[in-house]
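Numbering (this note's numbering), first residue to last: 3 to 60.
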């Protein structure tokens with residue numbers, strides 16, 4: 003599946019939006035990265051989990 007996306011960060015806030023080419027799957031997410039306790043809780047890991055669930059799920 004081809005996924006088109008855009009995103010960025012500003013002062014610890016991460017924002018991403020992505021969609022499949024046909025528009026049947028989409029995801030918009032904003033995360034506050036200031037709460038991360040260690041490297042395993044980085045916002046990018048949560049983004050990967052959310053995108054995987056939306057675009058690679060059953």
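Note that the Cβ used here is the ideal one computed from N, Cα and C, for glycine as well.
Sequence-distant Cβ neighbours of residue 4 in its own chain, meaning closer than 6 Å and more than five residues away, are 23. DSSP places residue 25 in the coil class of the three-state scheme, outside both helix and strand. Per DSSP, the unbroken beta strand (DSSP E) holding residue 8 starts and ends at 5-12.
Out of 53, 55 and 12, the CA that lies nearest to the CA of residue 34 is found in 12. A straight line joining the alpha-carbon of residue 46 with that of residue 58 spans about 17 Å. A distance below 7 Å separates the beta carbons of residue 18 and residue 49.
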